[in-house]
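Participant:
There are 2 protein chains.
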Amino acid sequence: MTNPTPRGTRIAHLGIAVESLDAILPFYRDILGMPETPLDDADGARIKAVAAGESLVELLQPEKSDSPIGKFLAKRGPGIHHICFAVDDLDGMLARCKAHGIQLIDETPRIGAEGKRIAFLHPKSTAGVLVELSEY
Amino acid sequence: MTNPTPRGTRIAHLGIAVESLDAILPFYRDILGMPETPLDDADGARIKAVAAGESLVELLQPEKSDSPIGKFLAKRGPGIHHICFAVDDLDGMLARCKAHGIQLIDETPRIGAEGKRIAFLHPKSTAGVLVELSEY
Chain A
1 MTNPTPRGTR
11 IAHLGIAVES
21 LDAILPFYRD
31 ILGMPETPLD
41 DADGARIKAV
51 AAGESLVELL
61 QPEKSDSPIG
71 KFLAKRGPGI
81 HHICFAVDDL
91 DGMLARCKAH
101 GIQLIDETPR
111 IGAEGKRIAF
121 LHPKSTAGVL
131 VELSEY
Chain B
1 MTNPTPRGTR
11 IAHLGIAVES
21 LDAILPFYRD
31 ILGMPETPLD
41 DADGARIKAV
51 AAGESLVELL
61 QPEKSDSPIG
71 KFLAKRGPGI
81 HHICFAVDDL
91 DGMLARCKAH
101 GIQLIDETPR
111 IGAEGKRIAF
121 LHPKSTAGVL
131 VELSEY
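Listed in order, the protein sequences are those of chains A and B. Letter by letter, the first sequence follows residues 1 to 136 in the UniProt record's numbering. Letter by letter, the second sequence follows residues 1 to 136 in the UniProt record's numbering.
As structure tokens, then:
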């Protein structure tokens, strides 16, 4: 695979914790008019995704209460769970984060949804926001 | 003004409530490498914005504790405050939201930052997410 032209950091997706996909999907898909995009379920959550320009909005409904999204819902209620930024060079970015004292949840990239290489940063280091980095 | 070609609904910006711009701006600008974009302060908050592809990340630090962001911080702590979706036809979209029973905070568009026409939807109708719509 050849490397694409560097595009810079951009929003890959927003992950939103929801209690009911059936209740909220029509708002994004039918009212706001975002095209539904197939995405596999992951991490103990049922997922529906819609395209918002170059980004996705991922709606995450927990299948079990002890899943990450289930715990988030129980603690904070429905709302935005994380932002995922697409970066051109994930290994380089993780090294740069570490060098600047950002606490990493994933010290090395792991394989996430759709086979993409991803890593999470700890919200302690990012002013309370759970940030995922994903490589395109 | 001529209407641009319809582009569909996309993420205009994410608004993130922060306790200290000085503490978090370097993460987005210098580590993640997002170019800083000038933006006026608004709604009792100091604002710094960085570009993430076609979207902005807006960091919002309250100037007063009784401002919308000040109250959010006191209640929930730092984190993502709202999503703003850019739409091609704001009046049409608000009418469509209303017809589908979505509760509006702004019944008619008002002028927001940078002179753009905006309106907020009530999080009660959008599964806990504060959604702003903005016209490009």
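Cβ atoms here follow ideal geometry from the backbone N, Cα and C, with glycine treated the same way. Keep in mind that this is a model prediction, so the values were computed, not measured.
(1) Pairing CB atoms from the segment 92-108 of chain B with CB atoms from the segment 72-83 of chain B, are three or more of them under 8 Å?
(2) For the segment 6-18 of chain A against the segment 45-56 of chain B, are there 3 or more C-beta pairs whose distance is under 8 Å?
(3) Check whether the Cβ of Gly8 of chain B lies closer than 8 Å to any Cβ atom in chain A.
(4) Quick one: using the 10 Å Cβ neighbour count with 16 as the cut-off for buried, is Ile80 of chain A buried or exposed?
(5) Specify, as a first and last residue, the run of the alpha helix (DSSP H) that Pro26 of chain A falls within.
(6) In chain A, which residues lie with their C-beta within 7 Å of the C-beta of Leu32 of chain B?
(7) Can you tell me which residues form a DSSP beta bridge with Thr9 of chain B?
(8) Under a Cβ-count criterion, where at least 16 other Cβ atoms within 10 Å of its own Cβ denotes burial, should Thr108 of chain A be classed as buried or exposed?
(9) Determine whether the Cβ of Ile16 of chain B lies closer than 8 Å to any Cβ atom of chain A.
(10) Per DSSP, Phe85 of chain A is paired with what?
(11) Along chain B, in chain order, which residues have C-beta atoms closer than 7 Å to that of Arg96 of chain A?
(12) Check whether the Cβ atoms of Leu130 of chain B and Ala119 of chain B sit closer than 8 Å, and answer yes or no.
(13) Against chain A, with Cβ distances strictly below 8 Å, would Ile102 of chain B count as a contact?
(14) Once the 5 residues before and after Ala45 of chain B are set aside, which same chain residues still bring their CB inside 7 Å of it?
(15) In or out: Gly115 of chain A buried (at least 16 other Cβ within 10 Å) or exposed?
(16) Let me make sure I understand the geometry here. Which of A:Arg110, A:Glu135 and A:Leu39 has the alpha-carbon closest to that of Leu90 of chain A?
(17) In the DSSP assignment, find the beta strand (DSSP E) that holds Lys48 of chain B and state where it starts and stops.
(18) Please tell me whether Glu58 of chain A and Leu39 of chain A are closer than 8 Å, where the distance is taken between their beta carbons.
(19) When the Cα atoms are used, what is the spatial distance from Met1 of chain B to Leu14 of chain B?
(20) Tell me, please, whether the CB atom of Ser134 of chain B is closer than 8 Å to any CB atom in chain A?
(21) Per DSSP, what are the beta-bridge partners of Phe120 of chain B in this structure?
(22) Would you mind working out which of B:Thr37, B:Pro35 and B:Ile47 sits nearest Val18 of chain B, comparing C-alpha positions?
(23) Considering only residues of the same chain and omitting the five flanking positions on each side of Ala42 of chain A, which have a CB-CB separation below 6 Å?
Facilitator: Let's see:
(1) The segment 92-108 of chain B is not in contact with the segment 72-83 of chain B.
(2) The segment 6-18 of chain A, when compared against the segment 45-56 of chain B, does touch it at the 8 Å Cβ threshold.
(3) Answer yes: the Cβ-Cβ gap between Gly8 of chain B and chain A drops below 8 Å somewhere.
(4) Ile80 of chain A is buried by the Cβ-count criterion.
(5) Going by DSSP, Pro26 of chain A is part of the alpha helix (DSSP H) stretching over Leu21 to Pro26.
(6) When 7 Å is used as the limit between beta carbons, Leu32 of chain B is near these residues of chain A: Thr9 and Phe85, in chain order.
(7) Thr9 of chain B is not bridged to any residue.
(8) Counting of Cβ neighbours within 10 angstroms places Thr108 of chain A among the exposed residues, the total staying below 16.
(9) Yes, Ile16 of chain B lies at the interface with chain A (some Cβ there is under 8 Å from its Cβ).
(10) When beta bridges are read from the DSSP output, Phe85 of chain A appears opposite A:Ile11 and A:Leu133.
(11) Ile31, listed in chain order.
(12) Against a cut-off of 8 Å, the Cβ pair of Ala119 of chain B and Leu130 of chain B comes out as no contact.
(13) Yes, its Cβ sits closer than 8 Å to a Cβ of chain A.
(14) Hits under 7 Å: Leu60, Gln61, Pro62, Glu63, Ser67 and Ile69.
(15) Exposed, because fewer than 16 other Cβ atoms sit within 10 Å of the Cβ of Gly115 of chain A.
(16) With distances taken between CA atoms, Leu90 of chain A lies nearest to A:Glu135 out of A:Arg110, A:Glu135 and A:Leu39.
(17) Taken as a continuous stretch (DSSP letters only), the beta strand (DSSP E) holding Lys48 of chain B covers Ala45 to Ala52.
(18) Yes, the pair counts as a contact, with Cβ atoms nearer than the cut-off.
(19) Residue confidence is low: Met1 of chain B scores 45 on pLDDT, short of 50, so the model does not pin down where it sits. Its coordinate-derived value is still stated next. Spanning the two alpha carbons is a distance of roughly 27 Å.
(20) No, Ser134 of chain B does not count as interfacial toward chain A.
(21) Looking at the DSSP assignment, Phe120 of chain B forms a beta bridge with B:Glu132.
(22) Here the closest residue by C-alpha is B:Ile47.
(23) These residues qualify, in order along the chain: Ala113.
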